[in-house]
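Contents: one structure, followed by commentary.
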Amino acid sequence: MQAYVFQNINELPFKTEINIPEIQDNEEIVEIKASALNHRDLWITKGQYPNLRFGTVLGSDGCVTLGGNTFIINPGLNWGTTEKYQSDRFKILGMPDFGTFAEYLHIDRTYLYTKPTHLSNEEAAALPLAGVTAYRALVVKTQPEKGEKVLISGVGGGVALFAMQFALALGCEVYVTSGSEHKIEKAKELGAKAGYLYQNPDWTKQLISDIGGVDVVIDGACGPTFNNLVKICNPGARISFYGGTQGKIDGLNPQLIFWRQISVFGSTMGSDLDFVNMLSLVEKYRIKPVIDCVLPFDHVHDGFRKMKEGTQFGKIVFSH
Ligand SMILES: NC(=O)c1ccc[n+]([C@@H]2O[C@H](COP(=O)([O-])OP(=O)(O)OC[C@H]3O[C@@H](n4cnc5c(N)ncnc54)[C@H](OP(=O)(O)O)[C@@H]3O)[C@@H](O)[C@H]2O)c1
Numbered sequence: 001m002q003a004y005v006f007q008n009i010n011e012l013p014f015k016t017e018i019n020i021p022e023i024q025d026n027e028e029i030v031e032i033k034a035s036a037l038n039h040r041d042l043w044i045t046k047g048q049y050p051n052l053r054f055g056t057v058l059g060s061d062g063c064v065t066l067g068g069n070t071f072i073i074n075p076g077l078n079w080g081t082t083e084k085y086q087s088d089r090f091k092i093l094g095m096p097d098f099g100t101f102a103e104y105l106h107i108d109r110t111y112l113y114t115k116p117t118h119l120s121n122e123e124a125a126a127l128p129l130a131g132v133t134a135y136r137a138l139v140v141k142t143q144p145e146k147g148e149k150v151l152i153s154g155v156g157g158g159v160a161l162f163a164m165q166f167a168l169a170l171g172c173e174v175y176v177t178s179g180s181e182h183k184i185e186k187a188k189e190l191g192a193k194a195g196y197l198y199q200n201p202d203w204t205k206q207l208i209s210d211i212g213g214v215d216v217v218i219d220g221a222c223g224p225t226f227n228n229l230v231k232i233c234n235p236g237a238r239i240s241f242y243g244g245t246q247g248k249i250d251g252l253n254p255q256l257i258f259w260r261q262i263s264v265f266g267s268t269m270g271s272d273l274d275f276v277n278m279l280s281l282v283e284k285y286r287i288k289p290v291i292d293c294v295l296p297f298d299h300v301h302d303g304f305r306k307m308k309e310g311t312q313f314g315k316i317v318f319s320h
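The numbers in this note's numbering rise by one with no breaks, and the one at position 11 of the sequence shown is 11.
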């Protein structure tokens, strides 16, 4: 079968012919109809990911067929027994196990979930990793209430857009930041009340003057400007972060956090139960993933380049 294999750091995955893997007990060989890119895949090619294994087929997201039925895959393997955190055996499909940038995949059937009927194969492939990450970071960790003000930072990202869509579905007022006016306008078209350019040093003052502050913040960037997210928090606010694209948090102001009784959560992926609940939310509100582009399987490298440039708004999907 054709597959994109991670062969060297600082090189895009190499398209090559490999054998269809042999299956073990409880596993199935599924045919991949569509897959989607996550920032994780890019971190792996840059060598910025733990436990890298050369020769691995990349890709965590997939919409697949088996026996005439269509499924999506929960890419969070071996979550474990407590809802609070993942087990020591937790791993994500597509490193070290073979992933979805291939024609076929061997997967334990417990990770296959019936595709929501309102989604196309490409839309369904866009959902799993970013969807479950957004669900846990927003719904499980911050427990947003109807009418609360929620800020989604870096709204152009895959996880960020799902967080925005879930917050809107739950009746929250959503505000966004982005590095691009164009992305802010697109977020407003989807239901955000207002947006702020995070490069503008005065954006926090502007937000405070516009709406006073926010009750929930969802962030995937962190970095030296994380303090800005604390500044705009109302008393009792919750901040949940799932990524650190901008690096370490410098100069965090503890006084603001304890005086305003702010809770800060770290969040990663989600449990099997989170995945089921995320799917229920998506089906109940007929949420459709925001897709930046659908590229043919032969053009996987174009998807990587686009994510590196950061010009996308939503998920980059591959049709197999
Ligand atoms: N812990 C987990 O389980 C988990 C799961 C998924 C992803 N992640 C991590 O979360 C991050 C995002 O992943 P993704 O797949 O959603 O990536 P993505 O689709 O490539 O999105 C990255 C986004 O980061 C935003 N950004 C860049 N600089 C920013 C800044 N200074 N302030 C705020 N936002 C900024 C950009 O927003 P604009 O385009 O709007 O400027 C961009 O869209 C990555 O670091 C990834 O590794 C973690």
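Using N, Cα and C, we set each Cβ at its ideal position, and we do this for glycine too.
What span of residues does the alpha helix (DSSP H) with residue i cover, start to end?
{"i": "Arg40", "result": "His39 to Thr45"}
{"i": "Asn69", "result": "Taken as a continuous stretch (DSSP letters only), Asn69 belongs to no alpha helix (DSSP H), being part of the beta strand (DSSP E) at Asn69 to Ile73."}
{"i": "Leu207", "result": "Trp203 to Ile211"}
{"i": "Glu330", "result": "One cannot answer for residue 330 here, as it falls past the ends of the chain, which runs 1 to 320."}
{"i": "Lys183", "result": "Glu181 to Glu189"}
In this structure, does DSSP put residue i in helix, strand or coil?
{"i": "Ala3", "result": "strand"}
{"i": "Val64", "result": "strand"}
{"i": "Met269", "result": "coil"}
{"i": "Ala126", "result": "helix"}
{"i": "Cys230", "result": "Looking at the sequence provided, one finds Val at residue 230 rather than Cys. Correct three-state label for Val230: helix."}
{"i": "Ala160", "result": "helix"}
{"i": "Ala221", "result": "coil"}
{"i": "Thr114", "result": "strand"}
{"i": "Thr133", "result": "helix"}
{"i": "Ala167", "result": "helix"}
{"i": "Val214", "result": "strand"}
{"i": "Val155", "result": "coil"}
{"i": "Lys84", "result": "coil"}
{"i": "Leu77", "result": "strand"}
If you follow the beta strand (DSSP E) that residue i is part of, which residue opens it and which one closes it?
{"i": "Glu173", "result": "Glu173 to Ser178"}
{"i": "Ser35", "result": "Glu27 to Ala36"}
{"i": "Ile107", "result": "Tyr104 to Asp108"}
{"i": "Lys315", "result": "Lys315 to Ser319"}
{"i": "Gly195", "result": "Ala194 to Leu197"}
{"i": "Glu17", "result": "Phe14 to Glu17"}
Rank the options by C-alpha distance to the C-alpha of residue i and give the top, closest one.
{"i": "Lys248", "options": "Phe241, Thr16, Cys222 and Glu17", "result": "Cys222"}
{"i": "Lys146", "options": "Ser120, Ile211, Glu173 and Leu138", "result": "Glu173"}
{"i": "Ser240", "options": "Asn253, Glu309, Met269 and Gly251", "result": "Met269"}
{"i": "Gln312", "options": "Asn74, Ala187 and Gly62", "result": "Ala187"}
{"i": "Gln86", "options": "Gly76, Met95, Gly94 and Gly212", "result": "Gly76"}
{"i": "Gln24", "options": "Gly59, Gly156, Leu52 and Arg109", "result": "Arg109"}
{"i": "Gly171", "options": "Tyr285, Val64 and Gly303", "result": "Tyr285"}
{"i": "Asn253", "options": "Val264, Val282, Gly195 and Val176", "result": "Val264"}
{"i": "Thr177", "options": "Leu161, Leu197 and Gly158", "result": "Leu197"}
{"i": "Ser319", "options": "Phe101, Asp202 and Leu52", "result": "Phe101"}
{"i": "Phe54", "options": "Gly195, Gln7, Ile291 and Pro296", "result": "Gln7"}
{"i": "Tyr242", "options": "Val300, Ser180, Leu256 and Val132", "result": "Val132"}
{"i": "Gly158", "options": "Lys183, Val290 and Ile218", "result": "Val290"}
{"i": "His118", "options": "Lys288, Met307 and Asp302", "result": "Lys288"}
{"i": "Ala3", "options": "Glu27, Ala34, Tyr111 and Lys115", "result": "Ala34"}
{"i": "Leu273", "options": "Trp79, Val300 and Ala126", "result": "Trp79"}
{"i": "His106", "options": "Thr114, Asp97 and Tyr113", "result": "Asp97"}
{"i": "Gly59", "options": "Asp88, Asn227, Ala134 and Ala130", "result": "Ala130"}
{"i": "Val5", "options": "Glu103, Phe162 and Glu185", "result": "Glu103"}
{"i": "Ile73", "options": "Lys315, Ser280, Phe275 and Ile44", "result": "Phe275"}
Would you check whether ligand 2 has a heavy atom nearer than 6 Å to the C-beta of residue i?
{"i": "Gln206", "result": "This structure lacks ligand 2; the ligands present are ligand 1."}
Is the segment 256 to 263 in contact with the segment 229 to 237, if contact means three or more CB pairs nearer than 8 Å? Cβ pair count under 8 Å is three or more, so yes.
Please give the ranges of any beta strand (DSSP E) in the segment 236 to 307, keeping only runs that are unbroken, at least 3 residues long and fully inside the region. Every beta strand (DSSP E) stretch that sits fully inside the segment 236 to 307 and reaches 3 residues is listed by chain position as 263 to 266 and 291 to 296.
Would you check if the segment 163 to 182 and the segment 126 to 139 touch, i.e. whether three or more CB-CB distances between them fall below 8 Å? Taking 8 Å as the limit for Cβ pairs, the verdict is that the segment 163 to 182 does touch the segment 126 to 139.
Check whether the segment 269 to 279 touches the segment 188 to 203, taking contact to mean three or more Cβ pairs, one atom from each stretch, closer than 8 Å. With contact defined as three or more Cβ pairs closer than 8 Å, the segment 269 to 279 and the segment 188 to 203 are not in contact.
Is the segment 63 to 79 touching the segment 10 to 20, taking contact as three or more C-beta pairs under 8 Å? No, because fewer than three Cβ pairs between the segment 63 to 79 and the segment 10 to 20 fall closer than 8 Å, the two stretches do not touch.
Quick check: the segment 82 to 100 against the segment 148 to 159, are there 3 or more CB pairs under 8 Å? Judged by Cβ distances under 8 Å, the segment 82 to 100 makes no contact with the segment 148 to 159, as fewer than three pairs qualify.
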